[in-house]
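Student: Encoded as structure tokens, here's the structure I'll be asking about.
There are 2 protein chains.
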Amino acid sequence: MAQRDTDKGTAARTIPAAAQASASKERLRLWLRLLKSTRRVESQLRENLRIEFNSTLPRFDVLAALARYQDGLKMSALSGVLRVSNGNVTGIVDRLTQEGLVVRMQVPGDRRAMLVRLTDKGREVFAAQAEAHERWIDDLLGGFTLEEARSFSDRFETITNLDEEGGQ
Amino acid sequence: MAQRDTDKGTAARTIPAAAQASASKERLRLWLRLLKSTRRVESQLRENLRIEFNSTLPRFDVLAALARYQDGLKMSALSGVLRVSNGNVTGIVDRLTQEGLVVRMQVPGDRRAMLVRLTDKGREVFAAQAEAHERWIDDLLGGFTLEEARSFSDRFETITNLDEEGGQ
């Protein structure tokens with residue numbers, strides 16, 4: 001026992017290396033947990049969108065981006081908002097156009113640029129999806145209290161803030 | 001909305017509607033923050049793997065999976081561990097084989113099944129990458145103290161636990 005106490009004292013004073021190793025392990029564990037969590041939520045969102053709206057995450061993302069820009073977005077800007085690795089914005093916009101949810105318009109003064117904008121129907125459809133999406137997230141993240149959600153959001157800004165330095 | 005209150009059970013009985021709306025907003029904000037954070041970290045990992053190891057995340061994931069299974073993994077099991085939407089396991093394994101990092105072996109007693117296993121060189125290369133990966137994560141998540149990382153990991157289990165119910 002005395003020995004352990006001594007060890008503890010010494011450890012406390014000299015531990016930096018060990019504590020550092022342990023911090024990096026915990027951060028790695030947190031990272032793997034975050035990855036697993038976001039995938040789990042995304043896969044549920046994907047399934048819900050398919051079942052309830054016969055839609056997909058990339059389609060949802062395109063509609064969400066357009067809903068934020070009343071005046072429309074250029075195709076190039078739209079590509080930027082799409083989730084990593086979901087590629088085909090053109091195909092998605094083609095389908096949404098056929099379904100009457102978006103329209104393409106010529107950019108005045110720029111013959112080659114096209115703006116994409118939500119139609120009234122598109123706005124309506126997206127409103128329903130956005131409401132459902134918020135409900136799903138509320139459910140999937142229901143294990144967090146309001147206070148936790150708020151404080152975690154704030155703390156996680158430390159990660160995304162790195163972003164602003166680099167541009168993106 | 002009334003329906004939702006009922007669904008939510010205890011919480012709904014004691015928490016006013018306004019607070020609930022606000023909780024769902026905070027959970028949505030947390031979700032968007034998590035998405036942004038994981039993408040930010042993944043994109044940095046992608047860049048680091050490319051620059052320091054001339055490699056990619058899917059390749060890293062394949063090596064990591066194989067490192068966990070000394071006896072090798074079937075191609076089908078390997079597909080399962082790959083990140084969403086990165087597809088081509090066969091192509092990745094082909095390249096890793098050419099580079100001498102993995103070998104394919106016949107499964108005894110099953111002519112059609114192939115096992116993939118790390119070579120000694122593969123094990124060495126992955127060890128270096130895994131060490132760098134832990135260092136990068138330690139850096140990217142450096143805004144979290146050891147205690148935060150630990151407690152966040154624990155709390156985020158509430159999300160991934162949903163997983164276990166559904167199988168996956």
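Protein chains in written order, with the UniProt record's numbering: chain H, 1 to 168; chain X, 1 to 168. The beta-carbon is built from N, C-alpha and C at its ideal position, and this holds for glycine as well. Predicted, not measured: the structure shown is a model, and the values here were computed from it.
(1) Ends of the alpha helix (DSSP H) at L140/H?
(2) If you drop the 5 nearest sequence neighbours on each side, which residues of the same chain put their C-beta closer than 8 Å to that of residue 170/X?
(3) I159/H versus chain B: which residues are under 9 Å apart at the beta carbon?
(4) Can you tell me where the alpha helix (DSSP H) holding Q106/H begins and where it ends?
(5) Output the boundary residues of the alpha helix (DSSP H) element that contains L66/X.
(6) Is the Cβ-Cβ distance between T38/X and L34/H less than 9 Å?
(7) CB-CB under 7 Å to D154/H, same chain, minus the five flanking residues each way: which ones, in chain order?
(8) Is L73/H helix, strand or coil by DSSP?
(9) Can you give the Cα-Cα distance for V102/H and V116/H, rounded to whole angstroms?
(10) Please go through the same chain and pick out, in chain order, the residues whose beta-carbon is closer than 8 Å to the beta-carbon of F114/X, but skip the five residues on each side of it.
(11) Is it a yes or a no for the segment 122-138 of chain H touching the segment 62-72 of chain H, going by three-plus beta-carbon pairs under 8 Å?
(12) Compare the beta carbon distance of I137/X and R40/H with 9 Å and say whether it is the shorter of the two.
(13) Are the C-beta of E26/X and some C-beta of chain H separated by less than 9 Å?
(14) Under the assumption that G143/H contacts T158/X (Cβ atoms under 8 Å), give the Cβ distance between them as a whole number of angstroms.
(15) So P16/H is in the alpha helix (DSSP H); what residue range does that whole segment cover?
(16) Buried or exposed: which applies to T90/H, given that a residue is buried once 16 or more other Cβ atoms fall within 10 Å of its Cβ?
(17) So, at 8 Å on beta carbons, what are the nonlocal neighbours of E131/X in its own chain, with the 5 sequence-adjacent residues on each side left out?
(18) Tell me which residues share the same chain as Y69/H and place their Cβ nearer than 6 Å to its Cβ, disregarding the 5 neighbours each side in the sequence.
(19) Can you tell me whether DSSP reads L115/X as helix, strand or coil?
(20) Identify which residue in L30/H, T145/H, A19/H and P58/H has its Cα closest to the Cα of G80/H.
(21) Does the beta carbon of A132/H come closer than 9 Å to any beta carbon on chain X?
(22) Using the Cβ count rule (16 or more neighbours within 10 Å means buried), how would you classify L32/H?
(23) By how many angstroms is the C-alpha of D110/X removed from the C-alpha of E165/H?
(24) Alpha carbon to alpha carbon, what distance is there between P16/H and E134/H?
(25) Note down, in chain order, every chain H residue with its Cβ under 9 Å from the Cβ of S55/X.
(26) Beta-carbon within less than 7 Å of S43/H's beta-carbon, same chain only, minus the 5 sequence neighbours each way: which residues are those?
(27) Please classify T160/X as buried or exposed, where buried requires at least 16 neighbouring CB atoms within 10 angstroms.
(28) Would you say V84/H lies against chain X (beta-carbon separation less than 9 Å)?
(29) Taking beta-carbon pairs under 8 Å, can you tell me which members of the segment 147-158 of chain H lie near chain X?
(30) E147/X to A23/H, Cα distance in whole Å?
(31) Under 9 Å between C-beta atoms, does I92/H make it to chain X?
(32) At which residues does the alpha helix (DSSP H) containing T97/H begin and terminate?
Tutor: Reading it off the structure:
(1) For L140/H, the enclosing alpha helix (DSSP H) starts and ends at D120 to L140.
(2) No answer is possible for residue 170/X: it lies beyond the span of chain X, which begins at 1 and ends at 168.
(3) In summary, chain B is missing from the structure at hand, where the protein chains are H and X.
(4) Annotation: Q106/H is outside any alpha helix (DSSP H); the continuous beta strand (DSSP E) that includes it extends over V102 to V107.
(5) First-last of the alpha helix (DSSP H) with L66/X: L57 to R68.
(6) Going by C-beta atoms, T38/X is nearer than 9 Å to L34/H.
(7) None.
(8) When secondary structure is reduced to three states using DSSP, L73/H falls in the strand class.
(9) Looking at the two C-alpha atoms, the distance is approximately 7 Å.
(10) The displayed chain sequence assigns Met, not Phe, to residue 114/X. The answer, listed in chain order, is K74, M75, R104, M105, Q106 and V107.
(11) Touching, yes.
(12) Contact: no.
(13) Interface residue (Cβ-Cβ distance to chain H less than 9 Å): E26/X is classified as such.
(14) With a Cβ gap of about 3 Å, G143/H and T158/X count as contacting.
(15) Run containing P16/H: P16 to F53, per the alpha helix (DSSP H) assignment.
(16) Looking at its Cβ environment, which holds fewer than 16 other Cβ atoms inside 10 Å, T90/H is exposed.
(17) Correct list: empty, nothing qualifies.
(18) Excluding sequence neighbours, Y69/H sits near nothing in its chain.
(19) In this structure, L115/X counts as strand in the three-state DSSP scheme.
(20) The shortest Cα separation from G80/H among L30/H, T145/H, A19/H and P58/H belongs to P58/H.
(21) Contact of A132/H with chain X is not assigned, every C-beta pair being separated by 9 Å or more.
(22) L32/H should be labelled exposed.
(23) With a pLDDT of only 48 at E165/H, under the threshold of 50, the placement of this residue in the model should not be trusted; the figure read from the coordinates follows. In a straight line, the C-alpha of E165/H is about 54 Å away from that of D110/X.
(24) Looking at the two C-alpha atoms, the distance is approximately 43 Å.
(25) Neighbours of S55/X on chain H: none; closest Cβ ~17 Å, over 9 Å.
(26) So no residue of the chain qualifies.
(27) Buried, since its Cβ has 16 or more Cβ neighbours within 10 Å.
(28) Since pLDDT at V84/H reaches only 47, below the 50 mark, its modelled position is unreliable, and the value read off the structure follows with that caveat. At least one chain X Cβ lies under 9 Å of V84/H.
(29) Listed in sequence order: E148, A149, R150, F152, S153, R155, F156, E157 and T158.
(30) One C-alpha to the other measures close to 8 Å.
(31) Closer than 9 Å: no.
(32) Residues V89 to Q98.
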